[in-house]
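Numbering follows my numbering, in which position 25 of the sequence shown is assigned residue number 819; successive positions increment by one, without gaps.
C-beta atoms are modelled at their ideal positions from N, C-alpha and C, and glycine is treated no differently.
Remember, it's a predicted structure, so these values are computed and weren't measured experimentally.
Scroll down for the structure; my scribbles are underneath it.
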Amino acid sequence: MGRKIKHYSSGYQIRRKKQRRVIESVVFGLLLVFLVFVGYAGARALNEMRLEQQTIESSVTQTESSLPESSDSSAERSDLPSSDVSDESGDEESVSEAENTSEVETLYTKYGDAEGWYEPVKENLFTLYEAASAAYIPLPDIPKSADTESLQAITMPLETALSSDAVASFLDGVDTTKYNAVVVPLKDSDGIIYYATGASLAYSCGAVSSQQVDLEAVINAIKSKGLKPVASIYSLHDHTAAHTSYGTSYFWMNDGSTTWLDAKVINGGQPWMNPYCSATIDYLTAIASELDQAGFVDLIVYGNQYPDSTLQQKLGLGETGGVSTTDQLQAVLEAMQQAAPGLRVVPAYQGACYTEGVNTQVYTATPNVFTFTPSAPMIGSDLSILDLVTAEVSTLMPVIDSEEVIDGLTSRGITSYILQ
795 MGRKIKHYSS GYQIRRKKQR RVIESVVFGL LLVFLVFVGY AGARALNEMR
845 LEQQTIESSV TQTESSLPES SDSSAERSDL PSSDVSDESG DEESVSEAEN
895 TSEVETLYTK YGDAEGWYEP VKENLFTLYE AASAAYIPLP DIPKSADTES
945 LQAITMPLET ALSSDAVASF LDGVDTTKYN AVVVPLKDSD GIIYYATGAS
995 LAYSCGAVSS QQVDLEAVIN AIKSKGLKPV ASIYSLHDHT AAHTSYGTSY
1045 FWMNDGSTTW LDAKVINGGQ PWMNPYCSAT IDYLTAIASE LDQAGFVDLI
1095 VYGNQYPDST LQQKLGLGET GGVSTTDQLQ AVLEAMQQAA PGLRVVPAYQ
1145 GACYTEGVNT QVYTATPNVF TFTPSAPMIG SDLSILDLVT AEVSTLMPVI
1195 DSEEVIDGLT SRGITSYILQ
């Protein structure tokens, strides 16, 4: 019979207890490490918050200490009317007129230190795209009366206007029995400007020509001959200041970011200024205002139109506010007139567009729908175009290309004209 093996349970129990104690010790150690870590992290966060608060309080204290201190209570209340200050200061002498003036205020402060001063009545308007290039002179309180006389104008070539000798020679040859005004072209159909404008967009987009007309000299020379100085510009027909980055152009397929071109790039496609863009109107009104301030009495506006392009189905107007295309073209003219009350804005319309169904994309309708007066139908030498014009004869200033047309205008009762 084999030998029996006797098992003792107490040995196993002792080993199990030892293993349990080891496990419990390890768990307790880990828990202790975790609690120490949490406590350290929390203390560090509280310390950082306390330091941040101290930094803020220190910054506020430094800012307040950098402000100019008032020497007395009346200085602290310098923004009050003088009568209020006097009431609180007892028998103190009244503040001087210079000290009492509160029209000049500090602006552009950085951390409490005034970096400049400004007068509210002398604002700077030409800061749409970069630093101001010139200070805008406010209009007088009472605007000058706009020209209401008939206009018999002859256009001075741009190259002539750039030379003082050429200007003098040109004016000597003007027949004052036929003309009472001289037109000076200052912004061409590409959007290039030929005078020292203060509109910053013109510099941002490279629209300012290196060849510039001396406005003061030319205007004085014209006036010395008993003639009226008239300026001419192209408005929306502008391929230089038109771009989505300037906020002035049409959008390709109205995507809100791509500049629309009137043809493919390989075919020389060009952008146009969008009349629905506020930046476009700001730019044109700034130019009109400058020419008014310079002393011109009339402003002939060419190219106030939509693009004449086969790609118009891709042309996006952007936000229109429900304003029709014809009304918006007229709104541009009205804005220019409002910005330049001292001169008379005269829009020139393409003569062919007066024919129903011809070049309708230019104005999206016949120019007869416009009520802005006066107007200048561009007839060249074709007097028959006037048969299609419905505006009052007294409001017409046709653009002609030959003096021989003048007699034909007179026979129709038209006394104003512009020889281009």
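Query raised in the report: residue 1061 to residue 983, Cα distance in whole Å?
Result: By 1-based counting over the sequence shown, the position of residue 1061 is 267. By 1-based counting over the sequence shown, the position of residue 983 is 189. Separation of residue 1061 and residue 983 (C-alpha to C-alpha, rounded to the nearest whole angstrom) is 18 angstroms.
Requested in this report: Compute the distance between the beta-carbons of residue 1245 and residue 1015, then report whether it is under 8 angstroms.
Outcome: Shown here, the chain extends from 795 to 1214; a query on residue 1245 therefore has no answer.
Report task. Under 8 angstroms by Cβ, that's how I've got residue 1081 and residue 991 pegged, so tell me the actual separation to the nearest angstrom. Result -> Here residue 1081 corresponds to residue number 287 of the sequence shown, with the count starting at 1. Here residue 991 corresponds to residue number 197 of the sequence shown, with the count starting at 1. That pair is a contact at about 6 angstroms.
Query - Option nearest residue 1113 by Cα separation, candidates 945, 1155, 1070, 1169 - result: Stepping through the sequence shown from its first residue, residue 1113 is reached at position 319. For residue 1113, the closest of 945, 1155, 1070, 1169 by C-alpha to C-alpha distance is 1070.
Query raised in the report: Are residue 1173 and residue 972 close, meaning C-beta to C-beta below 8 angstroms?
Result: Here residue 1173 is taken as the residue at index 379 of the sequence shown, counted from 1. Here residue 972 is taken as the residue at index 178 of the sequence shown, counted from 1. Pairing residue 1173 with residue 972 gives a Cβ-Cβ distance that is not under 8 angstroms.
Query - Exposure label - residue 818; buried when at least 16 CB within 10 Å - result: Looking up residue 818 in the sequence shown gives position 24. So residue 818 counts as exposed.
Query raised in the report: What is the DSSP secondary structure of residue 822, counted as helix, strand or coil?
Result: Within the sequence shown, numbered from 1, the residue matching residue 822 stands at position 28. Three-state DSSP puts residue 822 in a helix.
Report task. Tell me whether residue 1011 is buried or exposed, calling it buried when 16 or more other Cβ atoms sit within 10 Å of its Cβ. Result -> Here residue 1011 refers to the residue found at position 217 of the sequence shown. Result: exposed.
Query raised in the report: With a CB to CB cut of under 7 angstroms and the five nearest residues on each side skipped, what residues in its chain are close to residue 1084?
Result: Numbered from its first residue, the sequence shown carries residue 1084 at position 290. Contacts found: 991, 992.
**Report entry** Start-to-end residues for the beta strand (DSSP E) that takes in residue 1170
**Finding:** The residue you call residue 1170 lines up with position 376 of the sequence shown. Looking at the DSSP string, the run of the beta strand (DSSP E) that includes residue 1170 is 1170-1174.
Query raised in the report: Could you give the distance in angstroms between the alpha-carbon of residue 1020 and the alpha-carbon of residue 974?
Result: By one-based count along the sequence shown, residue 1020 stands at place 226. By one-based count along the sequence shown, residue 974 stands at place 180. For residue 1020 and residue 974, the distance between alpha carbons rounds to 8 angstroms.
Query raised in the report: Distance, Cα to Cα, residue 1137 vs residue 955?
Result: On the sequence shown, position 343 is the one that residue 1137 refers to. On the sequence shown, position 161 is the one that residue 955 refers to. Looking at the two C-alpha atoms, the distance is approximately 20 angstroms.
Query raised in the report: Relative to the C-alpha of residue 1129, which residue among 1031, 1072, 978 is closest?
Result: Looking up residue 1129 in the sequence shown gives position 335. Residue 1129 has its Cα closest to that of 1072, out of 1031, 1072, 978.
Query - Close beta carbons around residue 939, own chain, < 6 angstroms, minus the five adjacent residues each side - result: Stepping through the sequence shown from its first residue, residue 939 is reached at position 145. Low per-residue confidence applies at residue 939: pLDDT is 47, beneath 50, and the placement is therefore not dependable, though the value from the model is reported in the following sentence. Excluding positions up to five away in sequence, the list is empty.
Query - Residue nearest to residue 994 in terms of C-alpha spacing, selected from 1023, 1008, 1074, 1013 - result: To locate residue 994, count along the sequence shown from 1; it is residue 200. Comparing Cα-Cα distances from residue 994 to each of 1023, 1008, 1074, 1013, the minimum goes to 1074.
Query - Cutoff 6 angstroms; reference residue 1210; Cβ partners in own chain excluding five residues on either side - result: As a working mapping, residue 1210 is identified with position 416 in the sequence shown. Answer for residue 1210: 944, 945, 1191, listed in chain order.
Requested in this report: Round the Cβ separation of residue 1233 and residue 1036 to the nearest angstrom and send it over; I've been treating them as touching at under 8 angstroms.
Outcome: No answer is possible for residue 1233: the residues shown for the chain start at 795 and end at 1214.
Query raised in the report: Considering only C-alpha positions, which residue in the set 1123, 1050, 1202 is nearest to residue 1180?
Result: Your numbering for residue 1180 matches position 386 in the sequence shown. Ranking 1123, 1050, 1202 by Cα distance to residue 1180 puts 1202 first.
Query raised in the report: Along the chain, which unbroken stretches of the beta strand (DSSP E) at least 3 residues long are found entirely within the segment 983-1056?
Result: Runs found: 1022-1028.
Query raised in the report: Given residue 987, which residues of its chain have a CB within under 7 angstroms of its CB, disregarding the five upstream and five downstream residues?
Result: Within the sequence shown, residue 987 is the residue found at index 193, counting from 1. In chain order, 980, 981, 996, 1001, 1002, 1003 place their CB closer than 7 angstroms to the CB of residue 987, counting only its own chain and leaving out the 5 sequence neighbours on each side.
Requested in this report: Less than 8 angstroms between the CB atoms is what I'm expecting for residue 1029 and residue 1097, so what's the real figure, rounded?
Outcome: Counted from its first residue, the sequence shown places residue 1029 at position 235. Counted from its first residue, the sequence shown places residue 1097 at position 303. Between residue 1097 and residue 1029 the Cβ distance is about 6 angstroms, and since that is below 8 angstroms, they are a contact.
Query raised in the report: What distance in whole Å lies between the Cβ atoms of residue 1212 and residue 977, which are believed to be in contact at a cut-off of 8 angstroms?
Result: On the sequence shown, residue 977 is found 183 positions in, with the first residue counted as 1. On the sequence shown, residue 1212 is found 418 positions in, with the first residue counted as 1. Between residue 1212 and residue 977 the Cβ distance is about 6 angstroms, and since that is below 8 angstroms, they are a contact.
Report task. Taking only the alpha-carbon atoms, compute the straight-line gap between residue 891 and residue 969 and give it to the nearest angstrom. Result -> The count along the sequence shown starts at 1 and reaches residue 891 at position 97. The count along the sequence shown starts at 1 and reaches residue 969 at position 175. Only weak support exists for where residue 891 lies, its pLDDT of 37 falling under 50; the value from the coordinates is given anyway. Residue 891 and residue 969: Cα-Cα distance of roughly 56 angstroms.
Query raised in the report: Sorry if obvious, but does the Cβ on residue 1027 come closer than 7 angstroms to a heavy atom of the ligand SAM?
Result: You won't find the ligand SAM in this model; it holds no ligand whatsoever.
Report task. Let me know if residue 951 comes out buried or exposed under the rule of 16 or more other beta-carbons within 10 Å of its beta-carbon. Result -> Translated into the one-based positions of the sequence shown, residue 951 becomes position 157. Burial state of residue 951 is exposed, judged by a 10 Å Cβ sphere holding fewer than 16 other Cβ atoms.
Query raised in the report: Alpha carbon to alpha carbon, what distance is there between residue 960 and residue 1076?
Result: The residue labelled residue 1076 in the question sits at position 282 within the sequence shown. The residue labelled residue 960 in the question sits at position 166 within the sequence shown. Near 34 angstroms, if we compare the C-alpha coordinates of residue 960 and residue 1076.
Query raised in the report: Can you tell me whether DSSP reads residue 920 as helix, strand or coil?
Result: One-based indexing of the sequence shown puts residue 920 at position 126. Any reading at residue 920 needs caution, since the residue's pLDDT is 32, under 50, leaving its predicted position unreliable; the model's value is listed next. Residue 920 falls in the coil class under three-state DSSP.
Report task. Keeping to the same chain, check which residues put their C-beta closer than 7 angstroms to that of residue 1055; ignore five residues upstream and five downstream. Result -> The sequence position of residue 1055 within the sequence shown is 261, counting from 1. Excluding positions up to five away in sequence, the list reads 1063, 1064, 1065.
Query - Cβ neighbours of residue 1106 in the same chain (closer than 6 angstroms, five flanking residues each side left out) - result: For the purposes of this step, residue 1106 is taken as the residue at position 312 of the sequence shown. Here the set comprises 1155.
Query raised in the report: Mind checking residue 1195: buried by the 16 CB within 10 Å criterion, or exposed?
Result: Your numbering for residue 1195 matches position 401 in the sequence shown. When all chains shown are included, residue 1195 counts as exposed.
Report task. Note down the Cα distance separating residue 1033 from residue 1170, rounded to an integer number of angstroms. Result -> Locating residue 1033 in the sequence shown gives position 239, where the first residue counts as 1. Locating residue 1170 in the sequence shown gives position 376, where the first residue counts as 1. Between residue 1033 and residue 1170, the C-alpha separation is close to 23 angstroms.
**Report entry** Distance, residue 1157 Cα to residue 1151 Cα
**Finding:** Taking the first residue of the sequence shown as position 1, residue 1151 is located at position 357. Taking the first residue of the sequence shown as position 1, residue 1157 is located at position 363. Taking the straight line from one Cα to the other gives about 11 angstroms.
Query raised in the report: Thinking C-alpha only, which one of 1027, 1153, 1135 is nearest residue 1104?
Result: Numbered from 1 along the sequence shown, position 310 holds the residue referred to as residue 1104. For residue 1104, the closest C-alpha among the options 1027, 1153, 1135 is that of 1153.
Query raised in the report: What did DSSP end up calling residue 945 once you bin it into helix, strand or coil?
Result: The sequence position of residue 945 within the sequence shown is 151, counting from 1. Here residue 945 sits in coil by DSSP.
Query raised in the report: Based on the DSSP secondary-structure assignment, which residues constitute the bridge partners of residue 1078?
Result: As a first step, residue 1078 must be located in the sequence shown, where it is residue number 284. For residue 1078, which the question treats as bridged, DSSP gives no partner whatsoever.
Query raised in the report: How would you write the range of the alpha helix (DSSP H) that residue 1157 sits in, first residue to last?
Result: Residue numbering aside, residue 1157 sits at position 363 when the sequence shown is read from its first letter. If you look at residue 1157, you'll find it in the alpha helix (DSSP H) that goes 1154-1157.
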